[in-house]
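Be aware that the sequence shown starts at 1, since it is given in the UniProt record's numbering, and climbs by one per residue.
Everything below concerns the one structure shown next.
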Amino acid sequence: VAVDAGCKSFVGSPGCVQAMTNIWFDKIHPDQTKKRYQLTLVLGFLTLGLTAPFMVRFRPRSDDSIQAETLKLYGINYSDPYAMENPKIFQGDLHVNKYLLRLKHFHQASIVKFSYHCVQFILLLLLFSYVMLFTFDPPTDGLPSIDWTEILLIMLVSCMLLEEFRYFLNQDNLTLWGKCGTYFPHLFKQLTVLSYVLFYVGLILRFRNVQSPENFDAARIVMAYCLWFWYLRSLSFLSALRFVGPHLVAIGKMLQDLMFFMILILLVMAAYGVASRSMAYYDIMRVHGFYARHIFKDIAYPVYYLMYTNWNNETTALDTSPDASWAIATHILLAVHLLLINILLINLLIALFNKRFDQVHDDITNIWYYQRYLFIREHYDRPPFIPPVSLLFDIWYLCKMLFHRIQRARYMYSNPEIRVFS
C-alpha cells in the first residue's frame, strides 16, 4: 500500500528496512558484513550451491528445543513445527536431508536469484555482441543455415521472454489492465519490452530480406539497435548498489527535464538553420530539393553540432565570400545563435540538472530503500538458476496458473458480477 501510494518515508522506516533485509536473504543469515561470510556466499554461488550447506552461514533454527521434545518416542504430538519449518526432502539419513534442505534454501534466497539473473544477462550481452560482430551473416543453404551461436542466442532470448511473461502474470494485480499499469510505468520495463520487440522484428527481417546485401542491412540495423537497448537495460542491475541506485533515479528525472528542454533547443536550432541556409546556401538547397534526407544533412546536422563548438565548417564556408552581404548577415546571426545556445540555454540546462540532483540527494536514503523494495519484489518471484533450468520452472508455473484458471471457470469459484452486499 505504501509503495502504491508513493510513501517513500514509510518504506524507509527501520521496520520495513529490516523486513526487506529478511526477505532478501531468506533462510541465509542476514548478517553478511564480515569478509569471510561474503567469501563463503560467493564460493557457494560459484559451486552452484553444492558447497553452500557447509560454508554459508544460515539462520539458526529457533525450534531446536521443540524438535527434541516433539520427536520423543512416547506421547501424542498434536503439532510438529519441525516438520512444517524443515520438511524432510529425503526419507533417509538426517544429514542428507539437512544438506538438501539447505541447498534448497540457498537457491530460494532472493540474493542468489539476483546473482543468477546477473550471470544470465552477462551471457546474453556477450553472446549477442559476438553474434553481431562476427557471425551475423545471411542464411546459407546448409543445415543449420545460421551459426550455432545465433541459435543459442535465439533460445536464450526466448527463455528470457517466457520468464518475463511469467513475471508479468504473477503480479499482484488481478486484472490485465492493472498488471499493465504496474508493469509499464517503469523505464527499464519499457526498455525490456522494446528490446524483445526489436529482437523478433530483426529476426523476421533476418530470414526474409536475404536477396541482396542492401536488404539484409535492415535486419542488421534493427538488431544493432536491439543490442543497444539491451545494454541500456543492464543499468537496472546497478540499482542494487546503494551508491549508484539513487543516481539512476536522478538520471531518469534529468531525462524528463531534458525532454521538455529539447523543445527550446529545437526552436532555436530551427530558427538559425532555416534563416542561415536561406541566405548562404540557397543554391545548394534548391539543387538538393525538398527531401527529408537533405533537410537533415544540410540543416539539422550542421546546426546540431554547433552546440559542441564545432563551427569550423560553418565559418570556413562563409569566409569564401567575406565581403558579401549574405555572409556578413549570416556571421551576425551565427554570433547571436551561439550566444543563445552555448551560453544561455546550455547553462540553464546545467542549472536544472543541478537542482534535480540536489532534490534526489536530499532524499537519497528513502529513494534507495524505495528502489530496494522494487528490486527485491521483482527477484522474489524469479526462478532460480539460468536457462534452460529456469525454463522448466516457468513452464510449470504457467501450466499451474492455466489449470487453476480453468478450474475457477469450470466450477465458478468466483463471479465478479455478484454483489457482495445486498
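All C-beta atoms in this analysis are idealised placements derived from N, C-alpha and C, irrespective of residue type, glycine included.
Item                                                                                                                : Value
Buried versus exposed call for Val249 [16 or more other C-beta atoms within 10 Å across all chains shown]           : buried
DSSP-derived helix/strand/coil call for Ile367                                                                      : helix
Inter-stretch contact at 8 angstroms, needing at least 3 Cβ pairs: the segment 297 to 312 / the segment 336 to 346  : yes
Segment limits, alpha helix (DSSP H) that includes Asp283                                                           : Tyr282 to His288
Helix, strand or coil at Phe385 [DSSP, three-state]                                                                 : coil
Residues that DSSP places opposite Ile28 in a beta bridge                                                           : Phe58
Glu150 versus Glu163, Leu162, Arg166 and Leu133, residue with shortest Cα-Cα distance                               : Leu133
Per-residue burial, Gln256 [other beta carbons within 10 Å of its own, 16 or more giving buried]                    : exposed
Span separating the alpha-carbon of Pro213 from that of Ala224                                                      : 16 angstroms
Rounded separation between Phe296 and Phe229 - CA only                                                              : 24 angstroms
Trp311 - DSSP class collapsed to helix/strand/coil                                                                  : coil
In chain order, each alpha helix (DSSP H) run of at least 4 residues that lies wholly inside the segment 207 to 241 : 213 to 233
Three-state secondary structure (DSSP) of Asp172                                                                    : coil
Which of helix, strand or coil DSSP assigns to Tyr130                                                               : helix
Arg377 and His117 closer than 8 angstroms at C-beta                                                                 : no
Contact check, Gly6 vs Asn366, beta carbons under 8 angstroms                                                       : no
Cα-Cα separation, Gln407 to Trp396                                                                                  : 16 angstroms
Exposure label - Tyr291; buried when at least 16 CB within 10 Å                                                     : exposed
Nearest neighbour of Ser325, chosen from Thr315, Val336, Met279 and Asp283 [CA to CA]                               : Met279
Thr320 - DSSP class collapsed to helix/strand/coil                                                                  : coil
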